[in-house]
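Asks:
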Amino acid sequence: MGLRIPVKLVKGDRRVQVNALLNTGFEASKPLVSIPIGVAEALKLRPTRPLTFEGPGLTMGAAYHAGEVVVEVSQQGSTRRVSAEAIITVGEDEVALSDKCIEQLGIVIDLKGRRWWLT
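Note that the working numbering gives residue 113 to position 103 of the sequence shown, counting from 1, and the numbers run on in steps of one.
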């Protein structure tokens, strides 16, 4: 079972509080955040160019670039922010942070203990 944490997604004056999956298997060269259509609508994001990706078992998936958002994480009085490219992933129903997004936010994950903290 994956670990989910509370995050704020910010685009301009719009903010959405959600639980996001810390997906270290979502490998990217820059910070990415995968968002469902409902979250994109709440942030007034519009899909632009399509992209395809290879998922588990060599399956192919579809997603759409949707612009930059700020991902904000707070814990014990400390807040971290990172600018990330939002992608709308067809069929997904939750927010997921990429490995690079997790890394740049300074999130440390303890899956066995079901805990996380900021460095």
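Heads up, the beta-carbon is just placed ideally off N, CA and C, and yes, glycines get one too.
Being a predicted model, the structure only gives us computed values, none of them experimental.
Since Lys110 is in the alpha helix (DSSP H), which residue starts that stretch and which ends it?
Replies: Segment Asp109 to Leu115, the alpha helix (DSSP H) holding Lys110.
Asks: Please report the distance separating the alpha-carbon of Ile119 from that of Leu32.
Replies: Approximately 8 Å, taken between the alpha carbons.
Asks: Put Gly48 into one of helix, strand or coil per three-state DSSP.
Replies: Here Gly48 sits in helix by DSSP.
Asks: Determine the extent of the beta strand (DSSP E) in which Val28 is found, giving its start and end residues.
Replies: Note, Val28: beta strand (DSSP E), Arg24 to Leu32.
Asks: Rounding to the nearest angstrom, what Cα-Cα distance links Gln86 and Glu95 in this structure?
Replies: Whole-angstrom Cα-Cα distance: 26 Å.
Asks: Three-state secondary structure (DSSP) at Ala76?
Replies: Strand, per DSSP.
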